[in-house]
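Enquirer: Under our numbering, read the sequence shown as residues 2 to 164, first letter to last.
Using N, Cα and C, we set each Cβ at its ideal position, and we do this for glycine too.
A quick note: this is a predicted structure, and the numbers were derived from the prediction, not measured.
Shown below is the structure under consideration.
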Amino acid sequence: MPLTPLDIHNKEFSRKLRGYDEDEVNEFLDQIIKDFEALIRENKELQNHALNLQEKLDHFANLEETLSKTIIVAQEAADEVKNNAKKEAQLILKEAEKNADRIINDSLAKSRKVAIEIEELKKQASIYRTRFRTLVEAQLELLSQDGWDGLEHAERTEVKELY
């Protein structure tokens, strides 16, 4: 067990003949007591200071741990956002490709339909032209027959007689 200033102060030495000077010993003991008390105070102050530093160190260690966890959570959230963005981009791309395919297929179907309609119109135009040519030729043949001259003359005569 360590000595205290009170232990030093209360220490009694036995007396012998031709011993040390009692006043000198007491003065020396008083000096030791003062120095010992100063050392104890300084030790107490250093312990308190060390305790304060340890508390600050613990606080900063907790803060560091919290920041580390926060950084990890933030990184995980960033990774999740990044992954979700990639998935969404892939979905948008697939949807766009699907729409593009649909538009292309619709366009091809419409162009085939238009091509068929054009062919049908060409056939109808050819048939119409052929019928019209046949009609015109038939009319020209009728006009070129000899009977028209007599009819024309008879028609004039009838018109004159009416007037």
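1. Under 7 Å, do I33 and I72 count as touching if we go by C-beta distance?
2. How big is the Cα-Cα spacing for N84 and L47?
3. Smallest Cα separation from K12: which of S145, S69, N27?
4. Cα separation between L4 and A39?
5. Ignore the nearest five residues each way along the sequence and tell me which others in L30's own chain have a CB closer than 8 Å to its CB.
6. For P6, which three-state DSSP category applies?
7. Give the DSSP-derived three-state secondary structure of K12 in the structure shown.
8. Taking DSSP as the reference, what is the three-state secondary structure of R42?
9. CA-CA distance, A51 and E66?
Expert: Answer, in terms of the structure:
1. Residue 33 sits at position 32 when you count from the first residue of the sequence shown. Residue 72 sits at position 71 when you count from the first residue of the sequence shown. No, Cβ-Cβ distance for I33 and I72 is not below 7 Å.
2. Here residue 84 is taken as the residue at index 83 of the sequence shown, counted from 1. Here residue 47 is taken as the residue at index 46 of the sequence shown, counted from 1. Between N84 and L47, the C-alpha separation is close to 54 Å.
3. Residue mapping note: residue 12 aligns to position 11 of the sequence shown, counting from 1. Ranking S145, S69, N27 by Cα distance to K12 puts N27 first.
4. For the purposes of this step, residue 4 is taken as residue 3 along the sequence shown, with counting starting at 1. For the purposes of this step, residue 39 is taken as residue 38 along the sequence shown, with counting starting at 1. In a straight line, the C-alpha of L4 is about 14 Å away from that of A39.
5. For the purposes of this step, residue 30 is identified with residue 29 of the sequence shown, where counting begins at 1. Excluding positions up to five away in sequence, the list reads I9, H10, K12.
6. To locate residue 6, count along the sequence shown from 1; it is residue 5. Three-state DSSP puts P6 in a helix.
7. Within the sequence shown, numbered from 1, the residue matching residue 12 stands at position 11. K12: coil per DSSP, three-state reduction.
8. For this step, residue 42 is matched to residue 41 along the sequence shown. R42 falls in the helix class under three-state DSSP.
9. Looking up residue 51 in the sequence shown gives position 50. Looking up residue 66 in the sequence shown gives position 65. For A51 and E66, the distance between alpha carbons rounds to 22 Å.
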